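This report concerns only the one structure given below.
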Amino acid sequence: MKITSINTSSSNNSRHKQNFTGVSDSLVKFWQVIDNGGRALQFTVEDMCGTNLPRSYKGAMAGYKYTKKINALALLQEAVREFLTGPTMCLMPVAILKIAKTTMGETANTHIENIKNLSYIMQNTKFASGENFQKDFISHVIEDAISNTAGINTLNKDEVASLTDSIMHYAIFNGKKKDKKALLSEIDKMFQAVIKKHKASYANTDFSEVKYSLSPFSKGSTKFKNYVEYAVNFSKDFSKKYLSGGNIPDNIKSKIVSFRNSWLGKRAVVIACMIGITGCAMSFIPKLYTLVSGSVNPNAKDIYKEAEKKNNGGSKV
1 MKITSINTSS
11 SNNSRHKQNF
21 TGVSDSLVKF
31 WQVIDNGGRA
41 LQFTVEDMCG
51 TNLPRSYKGA
61 MAGYKYTKKI
71 NALALLQEAV
81 REFLTGPTMC
91 LMPVAILKIA
101 KTTMGETANT
111 HIENIKNLSY
121 IMQNTKFASG
131 ENFQKDFISH
141 VIEDAISNTA
151 GINTLNKDEV
161 ASLTDSIMHY
171 AIFNGKKKDK
181 KALLSEIDKM
191 FQAVIKKHKA
201 SYANTDFSEV
211 KYSLSPFSKG
221 STKFKNYVEY
231 AVNFSKDFSK
241 KYLSGGNIPD
251 NIKSKIVSFR
261 NSWLGKRAVV
271 IACMIGITGC
281 AMSFIPKLYT
291 LVSGSVNPNA
301 KDIYKEAEKK
311 NNGGSKV
């Protein structure tokens, strides 16, 4: 039997590799953009590929085997439902939170547990002056974070100072959003390096998380990047409210308690609005897609007609 050789020239291989590399690079860049866009964009793409487009297609093809026609009403019903449900669930809470942060303050995005935790730390911070109020607070936040996360009592002052200065730089940074995000990532790496250096055991450790004090007897945890945002915003909002003259008030501890209680209430209202308003908005979606597609389910209409034909002995209806 004669064997015919296959042309495997280097030019063909090079071209195929280039094509594959080009597609691969494009996919990597595409998913990197999605990842950088945050959870809202990630959810939108997942929802689009997982439900919106497939279900819209299924609606368009409903009854096609009987009519050989695209089911326009079913397509419209599925598209309205799917393309409104996901974005409403995702974007409505984001919009409410944006309004709350603009009207109330950035602490509107701080979890209730962290409002309590940061209030506790602020009450135990020794403030040198109103001018250094935020820096003194952030320094104490970092001391508490390293001590609880690494499980140590003796802290390296240079490490605390370095992290504090970096966070203070982050707090006043007014550059591009992506640059600020990169700066926060660098601070996160610095914190992780400190924890890895001092922690006795790495077992069951998530180095992206930070542990903090809620009281003398209890601790909590969250992602370190989020915690930095919470601490910066909490101290900024407190300064705006009580340090407008640049001086620390004599009754600062009572002010901290008042600030904490006020924000616990505000945060509860924000959460209630996010749940309630989003739920209310979503309750109108079924009414809307029923209105645009008619009272009879267009997905099953042609199937019902076919069943009726068979019940009538195949006669046309």
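Quick note on the working numbering: the sequence shown kicks off at 1 and runs consecutively.
Every residue gets a Cβ at the ideal spot worked out from N, C-alpha and C, and that includes glycine.
Here the structure is a predicted model, which is why all the values come from computation and not from measurement.
(message) Between the alpha carbons of Ala72 and Lys98, how many angstroms are there, rounded?
(response) 37 Å
(request) Return helix, strand or coil for Lys253, following the three-state DSSP convention. (result) Residue state, collapsed to three classes: helix.
(request) Please confirm whether Val141 and Ala62 have their CB atoms less than 7 Å apart. (result) no
(request) Please report how far the alpha carbon of Val270 lies from the alpha carbon of Pro87, in whole angstroms. (result) 19 Å
(request) Please list, in chain order, all residues of the same chain as Phe83 whose beta carbon is under 6 Å from its beta carbon, the five residues on each side excluded. (result) Asn52
(message) How far does the alpha helix (DSSP H) with Gly59 in it extend, from its first residue to its last?
(response) 53 to 60
(message) Can you tell me which residues form a DSSP beta bridge with Ser221?
(response) Lys211
(message) Buried or exposed, going by whether 16 or more other CB atoms sit within 10 Å of the CB of Val210?
(response) buried
(request) Grab me the residues of Ser147's own chain with a C-beta within less than 7 Å of its C-beta, minus the 5 sequence neighbours each way, in chain order. (result) Asn153, Leu155
(request) Specify, as a first and last residue, the run of the alpha helix (DSSP H) that Cys90 falls within. (result) Element bounds for Cys90: 72 to 103.
(request) Look up Gly50 in the DSSP assignment and say whether it is helix, strand or coil. (result) helix
(request) Could you pull out every unbroken alpha helix (DSSP H) segment of at least 4 residues lying fully inside the segment 106 to 194, listed in chain order? (result) 112 to 123, 133 to 150, 157 to 172
(message) For a test of the three-state rule: what should DSSP assign to Thr205, helix, strand or coil?
(response) Here Thr205 sits in coil by DSSP.
(message) So the candidates are Ser283, Asn297, Gly279; which of them puts its Cα closest to the Cα of Pro93?
(response) Gly279
(message) Can you list, in chain order, the residues of its chain with a C-beta nearer than 7 Å to that of Ala128? Leave out the 5 residues immediately preceding and following it.
(response) Once the five neighbours on either side are set aside, the close Cβ partners of Ala128 are Asp136.
(message) Buried or exposed, going by whether 16 or more other CB atoms sit within 10 Å of the CB of Met1?
(response) Residue placement at Met1 is flagged as unreliable, the pLDDT there being 47, under the threshold of 50; the coordinate-derived value follows with that caveat. With fewer than 16 Cβ atoms within 10 Å of its Cβ, Met1 is classed as exposed.
(request) Quick one: grab the DSSP three-state call for Gly265. (result) helix
(request) Within 10 angstroms of the Cβ of Trp31, are there 16 or more other Cβ atoms? Answer buried if so, exposed if not. (result) exposed
(message) At the level of alpha carbons, what is the spacing between Gly276 and Leu91?
(response) Cα to Cα, Gly276 sits roughly 14 Å from Leu91.
(message) Rounded to the nearest angstrom, what separates Ser208 and Ile195 at their Cα positions?
(response) 10 Å
(request) Grab the span of the alpha helix (DSSP H) containing Lys65 for me, first residue to last. (result) 64 to 67
(request) Could you work out which residue in Leu118, Glu229, Lys197, Gly175 is closest to Ile167 when comparing CA atoms only? (result) The option with the nearest alpha carbon to Ile167 is Glu229.
(message) What does the alpha-carbon distance come out to for the pair Ile252 and Asn261?
(response) 14 Å
(request) Measure the CB-CB distance between Gly220 and Asn109 and report whether it falls below 7 Å. (result) no
(request) Return the chain-ordered list of same chain residues with a C-beta closer than 6 Å to the C-beta of Ile256, the five sequence neighbours on each side being excluded. (result) The residues are Ser119, Met122, Gln123.
(message) Contact defined as beta carbons within less than 8 Å: I believe Ile96 pairs with Met282. What is the distance between those atoms, to the nearest angstrom?
(response) Not confirmed; about 13 Å, so no contact.
(message) Between the alpha carbons of Phe173 and Leu184, how many angstroms are there, rounded?
(response) 11 Å
(message) Measuring straight from C-alpha to C-alpha, what distance separates Asp237 and Tyr202?
(response) 36 Å
(message) So, with DSSP's three-state summary, where would you put Ala200?
(response) coil
(request) Tell me whether Lys175 is buried or exposed, calling it buried when 16 or more other Cβ atoms sit within 10 Å of its Cβ. (result) Residue identity differs from the one stated: residue 175 is Gly in this sequence, not Lys. Burial call: exposed.
(message) Is there a Cβ of chain B sitting closer than 7 Å to that of Tyr230, yes or no?
(response) Looking at the structure shown, chain B is missing, and only one protein chain is on hand.
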